[in-house]
Amino acid sequence: MFNNKSILITGGTGSFGKHFVRTLLAQYTPKKIIIFSRDELKQFEMQQEFNAPCMRYFIGDVRDSERLNRAMNKVDFVIHAAALKQVPAAEYNPMECIKTNINGAENVINAALDNNVKKVIALSTDKAANPVNLYGATKLASDKLFVAANNMAGGHDSYFSVVRYGNVVGSRGSVVPFFHKLLDNQSDHLPITHPEMTRFWLTLDQGIAFVIKSFYRMKGGELFVPKIPSVKITDLAKAMAPHLEQKIIGIRPGEKLHEVMCPADDSYHTYEFEDHFVIAPSITFNSRSNTFDKNNLNEQGQLVTPGFEYNSSNNSDFLTVEQLLELNNAC
């Protein structure tokens, strides 16, 4: 699919973007890979590692519609990874989060339509399901925009879908590097927000593979959710530092005890496949397929039972302390 094609990644200097580029270069022969981001230093540092002839680096912000429109000229595929993601920062700077995560999503959609981009996948988060914080609320709005973009497409041959997943092991701002920093500084304890807290867990390799597979599967309008394990935060701390005390510090503003990826309210249009779920659009498309029980790879899904909810506490797959230790060492 990506051979001799042009791919643009917004927020491409982040953990996902760098790993996605590494995978593209290893498995495909793309015509161009365009990194679109606003941080010149991160772009400079990324250029030292990824300097293949197909690489292009565009400084720009998703808030800037004109720059996005220029960057997407003759682009075939877009992965929208740019976002303001820190929950506390979003609570204290709500308008900045809205400008990037909602207005930026609209700009990505319009630029893709104006340039007849073939397929767009926007990265979402478990925090967008039944959101209790501003970051999650903006990502829910973004998800809705990308789904509705399939109606906006009209005569354009552009298709939009969303991928939602949980915490990525070792990504910037996540708990694993935070714990590592405390351990490097010889902390005498690890802070735990709540002893019962759980989170969904996947590696960057798993996330990248799922996004690539979603490009093949997508009809346009789906929200893809991978089946991934959960972890107890206390087990993670035990795996990383079994000798240290765990101190309960309380849940932070805007933080959930457990995360949800398929809400019960969406169960009436959620399909279960072998390794993932698909949340079908709640709206009807005028010029697109409205059947999502079979994807473009002819994989068959089944409608879940009414009231079904896929959350990190009722997950049938939990990583043990031993598995977490092995996974953290591998990453």
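Counting in my numbering, the sequence shown runs from 194 upward without gaps. Note that beta-carbon positions come from the ideal geometry of N, C-alpha and C, so glycine has one too. In this text the structure is predicted, and so the values were computed from the model without any measurement.
Integer Cβ distance of residue i from residue j, believed to fall under 8 Å
i, j, result
"residue 351", "residue 325", "Between residue 325 and residue 351 the Cβ distance is about 33 Å, and since that is not below 8 Å, they are no contact."
"residue 294", "residue 332", "6 Å"
"residue 451", "residue 391", "5 Å"
"residue 437", "residue 382", "6 Å"
"residue 281", "residue 247", "Contact flag wrong, Cβ pair sits at about 38 Å."
"residue 517", "residue 432", "4 Å"
Top-ranked residue by Cα proximity to residue i, from the options
i, options, result
"residue 306", "266, 420, 468, 317", "266"
"residue 136", "282, 407, 425, 342", "In this structure the chain extends from 194 to 524, so residue 136 is not present and cannot be described."
"residue 225", "400, 318, 231, 243", "243"
"residue 525", "283, 208, 429, 491", "Residue numbering for the chain in the displayed model covers 194 to 524; residue 525 lies beyond these limits and cannot be assessed."
"residue 263", "284, 245, 303, 448", "303"
"residue 269", "202, 278, 207", "202"
"residue 423", "292, 284, 514", "514"
"residue 508", "496, 455, 310", "455"
"residue 210", "260, 259, 276", "276"
"residue 488", "479, 471, 497, 475", "471"
"residue 197", "221, 271, 298", "221"
"residue 249", "409, 237, 421", "237"
Same chain, Cβ closer than 6 Å to residue i, neighbours up to 5 away in sequence not counted
i, result
"residue 315", "273, 339, 355"
"residue 213", "401"
"residue 457", "500, 502"
"residue 419", "358, 403, 469"
"residue 486", "464, 494"
Contacting residues, own chain, Cβ-Cβ under 7 Å from residue i (five flanking each side not counted)
i, result
"residue 483", "477"
"residue 413", "343, 352, 353, 354, 481"
Where the beta strand (DSSP E) through residue i begins and ends
i, result
"residue 426", "Note, residue 426: premise wrong, no beta strand (DSSP E); alpha helix (DSSP H) at 426–433."
"residue 598", "Look at the range of the chain in this structure, 194 to 524, and you will see that residue 598 is not part of it."
"residue 298", "Run containing residue 298: none in the beta strand (DSSP E); it sits in the alpha helix (DSSP H), 297–307."
"residue 382", "382–385"
"residue 417", "416–419"
"residue 195", "From DSSP, residue 195 is part of no beta strand (DSSP E); its letter is neither H nor E."
"residue 354", "352–356"
"residue 224", "Premise fails: residue 224 is in no beta strand (DSSP E) and is neither H nor E."
Opening and closing residue of the alpha helix (DSSP H) in which residue i lies
i, result
"residue 289", "287–291"
"residue 220", "208–220"
"residue 342", "327–345"
"residue 371", "368–377"
"residue 404", "397–410"
Beta-carbon proximity list for residue i, same chain, < 8 Å, skipping 5 on both sides
i, result
"residue 217", "195, 200, 223, 226"
"residue 362", "369, 394, 395, 396, 397, 520, 521, 524"
"residue 349", "306, 309"
Beta carbon proximity, residue i to chain D, threshold 9 Å
i, result
"residue 394", "The structure shown contains no chain D; it holds only a single protein chain."
Subject >> Every unbroken alpha helix (DSSP H) within the region 240–283, with a cutoff of 4 residues, ordered by chain >> reply: 258–264
**OP:** Write down every uninterrupted run of the beta strand (DSSP E) in the region 429–512 whose length is 3 residues or greater and which is fully enclosed by it, in chain order.
**Re:** 438–441, 453–455, 463–465, 469–472
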